[in-house]
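Residue numbers 5 to 184, in the numbering used here, belong to the letters of the sequence shown in order.
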Amino acid sequence: AIYSTPALAISAMPNVSEWIRTHIDDPVIIGPDQESSQWVQPVAASLNAPYVVLEKVRHGDRHVEVSALDASIVRDRQPVIIDDIASWGHTMLEVLKRLAPIGARPATCIAVHALLSRPAEDALRGAGDGASSLPSAAASSLASAGSASPSVACGARTNSRRTSPSCSIPTGKRAAPHPP
């Protein structure tokens with residue numbers, strides 16, 4: 005052991021799955037890179053939803069490219085992008101750029117550890133139709149999602165009540181231990 009302090013490995017994915025099940029109709033789960041497959045596959049399986057894991061090439065801290073998406077995978081489904089860490093938001097923005105030309109619905113982005121700068125938060129909020137709204141229902145539902153709840157869900161929801169992009173960033177939650 006490297007450290008003498010006991011530690012627990014916890015996963016946010018059960019809470020992410022439950023949040024998606026409660027708030028997203030007909031999801032398709034999208035992982036922006038190969039590393040994300042370890043989260044995307046179990047979430048998709050728990051939801052009985054299709055998924056796709058893209059390939060990412062990083063050209064620098066703020067310049068990434070992701071592979072193209074097959075329109076048939078996202079057709080008639082709500083895209084949900086899941087990533088572990090988002091700081092500048094470039095990876096999620098690149099996935100959103102890939103979704104727009106194939107006629108996909110506006111996406112919801114979930115980052116377990118959102119270390120977003122103000123410009124990154126603004127870019128993700130405005131990635132849909134340019135509007136910027138913070139629906140309190142989404143914020144409170146994420147904040148109450150339980151232990152290890154997703155720390156950001158950004159994108160746009162498409163339903164009878166709203167179609168504008170939204171971003172919810174709950175704060176002050178401590179994660180309770182969850183069995184690995």
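All C-beta atoms in this analysis are idealised placements derived from N, C-alpha and C, irrespective of residue type, glycine included.
Remember, predicted model here, so these are calculated numbers, not experimental data.
Residue i, buried or exposed, once every other Cβ within 10 Å from all chains shown has been counted against 16
i: residue 52; result: exposed
i: residue 102; result: buried
i: residue 16; result: buried
i: residue 8; result: exposed
i: residue 100; result: buried
i: residue 227; result: Since the first residue of the chain shown is 5 and the last is 184, residue 227 is not available in this structure.
i: residue 104; result: exposed
i: residue 10; result: exposed
i: residue 110; result: buried
i: residue 13; result: exposed
N- and C-terminal bounds of the alpha helix (DSSP H) containing residue i
i: residue 128; result: 122 to 129
i: residue 24; result: 17 to 27
Cβ neighbours of residue i in the same chain (closer than 7 Å, five flanking residues each side left out)
i: residue 21; result: 47, 50, 51
6 Å CB neighbourhood of residue i in its chain, flanking five on each side removed
i: residue 81; result: 30, 32
i: residue 1; result: A question about residue 1 goes unanswered here, because the residues of the chain that appear run from 5 up to 184.
Contact set for residue i: own chain, Cβ-Cβ below 8 Å, skip 5 residues either direction
i: residue 41; result: 35, 57
i: residue 38; result: 57, 59, 60
i: residue 54; result: 32, 33, 48, 77, 81
Validate contact between the stretch 72 to 81 and the stretch 19 to 26 using beta carbons, cut 8 Å, 3 pairs: no
If we count Cβ pairs, one from each stretch, closer than 8 Å, do we get three or more for the stretch 123 to 130 versus the stretch 90 to 99? yes
Pairing CB atoms from the stretch 81 to 89 with CB atoms from the stretch 103 to 118, are three or more of them under 8 Å? yes
Can you check the stretch 36 to 115 for any alpha helix (DSSP H) of at least 4 residues that lies completely inside it and give the ranges in chain order? 41 to 51, 75 to 78, 94 to 103
Say whether the stretch 38 to 48 touches the stretch 64 to 72, bearing in mind that this needs 3 or more beta-carbon pairs closer than 8 Å, one atom from each stretch. no
Okay, do the stretch 34 to 41 and the stretch 55 to 70 touch, 3+ Cβ pairs below 8 Å being the bar? yes
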